[in-house]
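Student: Sharing a structure with you now.
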Amino acid sequence: MKILVCIKQVPGTSNVEVDEKTGVLKRDGVESKMNPFDLYAIEQALCLREEYGGKVDVITMGPPQAKSVLLEAVYMGADNGGLISDRKFAGADVVATSYTLSQGIRKMGEYDLILCGKQTTDGDTAQVGPETAEFLGMDHMANVQRILSVQDHAVTVEANMDRYLQQVKIPLPCLLTIEKDANTPRLPSYRRKMAADESCLQIFSIRDFADQDEKNYGLAGSPTQVERIFPPQKNTSKEIFEGDPDLLTTTFVRILGEKKFI
Amino acid sequence: MNYHKISREDILALKQIAEEKNLLTREQIGEDYSHDELGGITSYPDVLIRAGSTEEVSAVMKYAYDHNIPVVVRGSGTGLVGAAVALYGGIMLETTQMNRILELDEENLTVTVEPGVLLMELAQFAQDHDFLYPPDPGEKSATIGGNISTNAGGMRAVKYGVTRDYVRALTVVLPTGEIVELGGKIVKNSSGYSLKDLMIGSEGTLGIITKAVLKLVPLPQKSISLLIPYPSMEMAIEAVPEIIRSKSAPTAIEFMERETILFAEEYLGKKFPDTQSDAYLLLTFDGSSLSQVEAEYDRTAKLCLSQGALDVLLVDTDERKDSVWSARSAFLEAIKASTTEMDECDVVVPRNHVAEFIKYTHQLAREIDIRIPSFGHAGDGNLHVYICRDDLSLEVWQEKLTLAFEKMYERANELGGAVSGEHGIGYAKQAFLEQQVGEAQIRLMQGIKQVFDPKGLLNPGKVVCGAAALIR
Amino acid sequence: MQTLHIHEELVNKQTAGELTAICPFGAISYENGKLDINAGCKMCKLCVKKGPQGVITLEEEKAPGIDKSLWNGVTVFAEYEQGRIHPVVFELIGKAKELAAVNKHPVYAVILGSELNEAAEELLHYGVDEVFVYDRTELADFRIGPYANALEDFVKQVHPSAVLVGATNLGRSLAPKVAARFRTGLTADCTVLQMKGNTDLVQIRPAFGGNIMAQIVTPNSRPQFCTVRYKIFSAPARQEQAAGKVTRMQLPDYAVDTDTEVLRVIEKPKEIDISEAEVIVAVGRGVKSPKDMEMIEELSELLGAHMACTRPLIEAGWFDAKHQIGLSGRTVKPKLIITLGISGSVQFVAGMKGSDCIIAVNQDPNASIFDVAHYGLVGDLYEIIPKLTEQLKGGQGR
């Protein structure tokens with residue numbers, strides 16, 4: 001079974017702030033790490049390989065430094081990695097990112113299963129997985145908690161649909177996004193780190209793609225535009241109520257109502 | 001002992017000293033105040049006073065001295081040997097409201113705190129100012145006063161030492177009510193007997209700490225842990241002296257057994273990242289940059305692999321640290337949840353004998369047929385050994401427990417160890433202390449107690465104050 | 001279309017240094033005297049606005065515009081799951097009516113499923129002008145292929161200007177699939193929506209774990225897709241009279257043909273980890289006896305909350321250890337936590353202070369729980385809780 005996991009490098013902390021006056025993004029250092037949600041997808045892929053054999057590759061789109069998350073996946077147990085990196089991809093929104101990823105995936109090879117984390121900690125959209133599946137012309141299932149079996153060219157999964165769980169059998173190839181805490185991701189191995197070298201990594205640019213039309217990538221290929229970024233209003237409410245129990249109860253109901261809990 | 005029993009007049013008099021809302025009488029005192037975290041011994045104080053200042057503590061103590069009333073000082077009550085239990089009733093002075101951080105002195109690298117500041121608050125405060133307060137006991141909601149009173153150790157002792165190494169000065173209220181300043185913001189001191197060092201680890205029997213000046217170090221910017229699986233506990237522990245000999249400087253070397261990890265998984269409802277092996281070492285390295293830390297752990301990782309480690313797993317991000325350390329922090333609670341009742345010992349042995357001692361506890365468990373899980377600080381020789389009652393009858397349990405303790409302390413003694421590494425003697429371990437250090441040392445300790453506290457009012461029945469007879 | 005242009009003649013060590021420092025994404029590099037912008041660029045344009053004058057400039061390239069007048073109506077995707085209309089749908093209809101009014105657009109709803117007569121009718125009570133119904137047995141369960149094909153058909157037939165989808169797990173799976181098919185914009189988890197006079201939908205959403213807000217538009221593509229979480233907007237009141245019309249839509253068989261099979265639909269087990277719970281009612285020593293838990297359980301049920309407690313109650317054996325919040329228990333971060341009779345020990349607070357909304361009930365005005373609570377009620381829980389439960393049962397809940 002050939003599995004590809006899409007991963008992303010994200011800021012080491014989500015403690016970014018916007019300076020109210022200048023609109024400048026303030027970030028603590030420039031440290032980056034693998035999107036924590038992707039770890040569950042990698043772990044799931046490695047478990048599948050243990051059970052059904054085959055290989056697990058990883059792919060990411062990002063600046064040259066993003067190589068480090070591919071290597072981290074290799075230390076966890078992945079076989080090969082692909083980095084999609086080109087200045088032409090700058091400013092990509094969800095659609096452009098997904099399209100670029102789909103082009104990169106086609107370049108990486110043929111896979112039975114593509115796995116993604118449920119979402120990233122920086123964008124938080126949870127949309128790149130499903131859109132990538134569409135550009136690859138395959139079905140997907142989001143929020144997968146468990147993979148029950150793989151047989152007859154189909155995978156049976158259990159997905160979290162908020163109020164209920166859906167067990168679905170989907171023909172391969174398909175794309176799954178893996179729910180948070182679906183497993184406990186294994187730790188990177190120092191043994192694998194010692195044994196690995198960068199020859200297991202490939203780098204792709206737009207010139208490697210089947211579609212080389214620049215209008216489909218980066219900002220040009222992005223239908224959405226960010227008009228501005230600004231700091232959120234913080235929940236600084238702090239109210240203490242004393243007095244008659246009837247009054248307190250009414251206050252309680254009012255707060256619950258205002259906050260839409262009833 | 002003939003102490004004065006607290007009367008209504010005493011309470012009225014004490015209300016002149018402490019604010020009404022900070023003074024609780026017997027029926028107002030919650031059940032929590034009758035025991036500590038392990039709950040081995042139970043006894044209520046007659047009055048609970050939440051102290052607000054050094055002067056108040058001094059006035060209360062003076063009143064108690066004049067009226068012959070016993071006084072027990074208590075922080076968060078997270079102790080494990082009954083030190084903060086009012087065996088003889090009397091007054092309990094709780095310090096948790098004296099919880100201000102008074103000063104950060106960046107020129108002398110010290111922080112001045114009141115005794116009720118919690119370890120976690122101090123750790124956060126230091127970190128926010130780019131400093132590290134190195135002592136790191138597992139119980140983060142303990143007070144600094146309690147940490148000093150037990151000379152708490154924790155997870156960074158291998159590299160940074162213990163609480164004693166970070167106390168520069170103490171303000172202490174003596175049993176007479178007199179206030180003394182011991183030590184100072186000075187690095188060196190050869191001026192007479194070190195009374196400050198006598199106070200550290202005295203478990204509230206010599207004086208009441210009302211202020212402390214603590215040493216800080218610059219905050220290491222980067223830390224990485226290694227989780228190292230071994231095929232057996234013996235192999236894991238035997239690797240520790242080799243690691244230390246290799247002159248690498250981990251902040252911590254912890255060992256854990258698979259069984260304990262499984263308890264923590266059950267307790268937390270969360271899987272540990274690796275449970276395939278029987279035993280693990282957990283090492284942490286810190287430093288000012290990633291490359292420095294990498295260079296440091298690299299040598300140790302290679303050494304471990306050559307000594308039979310199955311792999312070396314990297315714990316390098318917040319998520320990974322959380323998945324490993326949250327389990328480590330839950331071990332005590334998890335073992336507690338796995339049995340009906342338990343007792344613990346935190347015996348310490350020279351580091352090169354840790355393996356031998358652990359093997360001995362395994363052998364002992366088989367011999368007297370009782371469960372003895374353990375974990376601990378392999379790097380500094382301080383072990384946390386738990387004896388579990390499970391479904392034994394009370395009688396059998398007590399018999400086996402006593403036997404297990406005696407045997408373990410005896411073995412520790414033979415290996416050149418000590419009764420307690422960081423939890424203290426309190427009420428529970430007095431007999432074992434006497435066995436270990438012998439009559440001459442007990443006599444010296446009792447003499448010191450006599451000089452500080454001639455009326456025997458402070459925390460009576462603890463450490464070397466005669467309650468040993470009670471448990472025999 | 002906008003691109004960043006580097007004016008090489010102005011690049012020197014100093015300007016390059018300023019630019020690499022200013023980029024929050026580390027996307028500008030300076031090597032061997034050459035300034036480069038790599039794929040890390042998010043087009044935040046700070047280098048243009050705050051960098052040294054004129055070194056990097058923004059070049060506009062006029063893209064062929066679309067005719068926005070061909071796209072009319074604000075549509076709500078009426079998620080229908082396991083026999084009910086998801087309540088977020090009504091909230092979205094309320095918002096859609098506001099947005100549609102700006103340009104006098106109609107409000108549409110599109111509903112997918114099987115046996116939808118009643119559900120379609122129900123939507124007409126909330127002020128929808130037209131409900132488009134795709135009613136086929138093959139749509140009874142959510143399967144991505146047929147669902148995407150049906151929604152695609154709707155967009156092709158009706159040409160809506162905007163499509164609002166609930167950010168449920170179903171919505172977050174379906175909306176991107178269809179948006180990608182039309183290569184149009186999709187903004188996830190919007191918290192604010194406004195309509196411009198030119199029919200551009202202004203979408204505001206949190207990013208970086210809620211630490212920054214981004215305002216997003218889709219200026220040159222239609223339809224404009226967005227998803228919105230449950231309980232962000234308010235639902236309009238249900239009208240006695242139904243208004244508007246129901247249009248039944250046809251789909252060719254191949255559109256609902258798929259090899260994907262739904263094997264089982266399982267009710268989620270109630271017992272979830274409290275660290276994942278959205279609403280928590282936590283109790284402490286202020287609760288006097290185990291039998292008082294009945295009244296608190298009743299309240300929890302009314303709020304759909306999970307029960308949790310402090311350490312003493314675990315030790316008293318009232319709860320399983322898995323329900324303990326605190327340093328030695330679980331860390332929780334719910335949208336709402338109500339603490340009853342909890343004084344707020346450091347132990348406890350460390351495990352819950354990240355909660356979005358904290359309401360504390362305690363008799364002692366000096367209890368430290370009031371230091372972290374957003375709303376503090378100083379009073380006797382034995383008086384307040386029964387009254388509260390009564391009021392909630394009195395039809396004020398939904």
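These protein sequences, in sequence, are chains A, B and C. If you read the first sequence in full-length UniProt numbering, its first letter stands for residue 1, the second for the next number, and so on. If you read the second sequence in full-length UniProt numbering, its first letter stands for residue 1, the second for the next number, and so on. If you read the third sequence in full-length UniProt numbering, its first letter stands for residue 1, the second for the next number, and so on. The C-beta atom is built at its ideal place from N, Cα and C for all residues, glycine as well.
(1) When the cut-off is 8 Å and only beta carbons count, does Q347 of chain C lie next to chain B?
(2) Would you say Y382 of chain C lies against chain B (beta-carbon separation less than 8 Å)?
(3) Cα-Cα, which of B:I243, B:R299, B:A236 is closest to A355 of chain B?
(4) Would DSSP call A305 of chain C helix, strand or coil?
(5) Checking 8 Å against the spacing of the C-beta atoms, do K62 of chain B and G177 of chain B come in under that value?
(6) Answer yes or no: does any C-beta atom of chain A fall closer than 8 Å to that of P146 of chain C?
(7) Is E72 of chain A close to chain C? Criterion is C-beta to C-beta, closer than 8 Å.
(8) Can you list, in chain order, the residues of the region 188-207 of chain A whose Cβ is nearer than 7 Å to any Cβ on chain B?
(9) Taking the alpha helix (DSSP H) that N413 of chain B belongs to, which residues open and close that run?
(10) Whole angstroms are fine: how far does the CA of Q65 of chain A sit from the CA of L71 of chain A?
(11) So K95 of chain C is in the alpha helix (DSSP H); what residue range does that whole segment cover?
(12) Kindly give me the distance between the Cβ atoms of K222 of chain B and S289 of chain B, rounded to whole angstroms, as I take these residues to be in contact under 8 Å.
(13) Going by beta carbon distance, what residues of the same chain come within less than 6 Å of P74 of chain B, once the five residues before and after it are set aside?
(14) Would you list the residues sitting across from R248 of chain C in a DSSP beta bridge?
(15) I want to see whether chain C comes within less than 8 Å of E333 of chain B, judged by CB atoms only; does it?
(16) Please check if any C-beta of chain A sits within less than 8 Å of the C-beta of G97 of chain C.
(17) For Q202 of chain A, which residues from the same chain have a beta carbon less than 6 Å from its beta carbon, with the 5 sequence-adjacent residues on both sides left out?
(18) From V346 of chain C to V279 of chain C, what does the alpha carbon distance come to, in whole angstroms?
(19) Anything in the region 253-275 of chain C with a Cβ closer than 7 Å to a Cβ of chain A? List those residues in chain order, please.
(20) Please classify D10 of chain B: does DSSP put it in a helix, a strand, or coil?
(21) Are L195 of chain B and L182 of chain B closer than 8 Å when you measure CB to CB?
(22) What's the call for N366 of chain C, buried or exposed, on a 16-neighbour Cβ count within 10 Å?
(23) If contacts are defined as beta-carbon pairs under 8 Å, then K49 of chain B and A18 of chain B qualify, I think. What distance do you get, rounded to the angstrom?
(24) Quick check on R398 of chain C - is its C-beta less than 8 Å from some C-beta in chain A?
(25) Can you say whether Y254 of chain C is buried or exposed, counting buried as having 16 or more other CB atoms within 10 angstroms of its CB?
(26) Can you give me, in chain order, the residues of the region 129-143 of chain B that have a beta carbon less than 9 Å from any beta carbon in chain C?
(27) Looking at the structure shown, is V324 of chain B part of a helix, part of a strand, or coil, going by DSSP?
(28) Pull up the distance between the alpha-carbon of D122 of chain A and that of V69 of chain A, whole angstroms please.
(29) Excluding the 5 residues flanking S222 of chain A on each side, which residues of the same chain have their C-beta closer than 7 Å to its C-beta?
(30) What does L48 of chain A touch in chain B if you count any residue whose Cβ is under 8 Å from its own?
(31) Along the chain, where does the beta strand (DSSP E) that runs through P11 of chain A open and close?
(32) What are the boundary residues of the beta strand (DSSP E) that includes V110 of chain C?
(33) Closer than 8 Å by beta-carbon distance: list the chain B residues that pair up with S368 of chain C, in chain order.
(34) For Q212 of chain A and D86 of chain A, what's the separation of their Cα atoms in angstroms?
(35) With 8 Å as the threshold, decide whether the Cβ of G91 of chain A is near any Cβ in chain C.
(36) State yes or no: is the beta carbon of S223 of chain B nearer than 8 Å to at least one beta carbon in chain A?
Tutor: Checking against the coordinates, here is how it stands:
(1) yes
(2) no
(3) B:A236
(4) coil
(5) yes
(6) no
(7) no
(8) P188, S189, Y190, R191
(9) 394-414
(10) 11 Å
(11) 88-102
(12) 6 Å
(13) For clarity, residue 74 of chain B is Arg in the given sequence; the question names Pro instead. Taken in chain order, the residues that qualify are A84, M92, E94.
(14) C:V133
(15) yes
(16) According to the sequence as given, residue 97 of chain C is Lys; it is not Gly. False, the Cβ-Cβ gap to chain A never drops below 8 Å.
(17) G82
(18) 21 Å
(19) D259, T260, E261, V262, L263, R264, V265, I266, E267, K268
(20) helix
(21) yes
(22) exposed
(23) The question names Lys, but residue 49 of chain B in the sequence shown is Ile. So it is a contact: roughly 5 Å between Cβ atoms.
(24) Because R398 of chain C carries a pLDDT of 38, less than 50, the predicted location of this residue cannot be relied on, and no value is offered for it.
(25) exposed
(26) E139, K140, S141
(27) helix
(28) 15 Å
(29) G91, A92, D93, V95, A96
(30) Result: empty, since nearest Cβ-Cβ is about 17 Å, beyond 8 Å.
(31) 9-11
(32) 107-113
(33) Per Cβ cutoff of 8 Å: no residues; S368 of chain C is ~10 Å from chain B at best.
(34) 12 Å
(35) yes
(36) no
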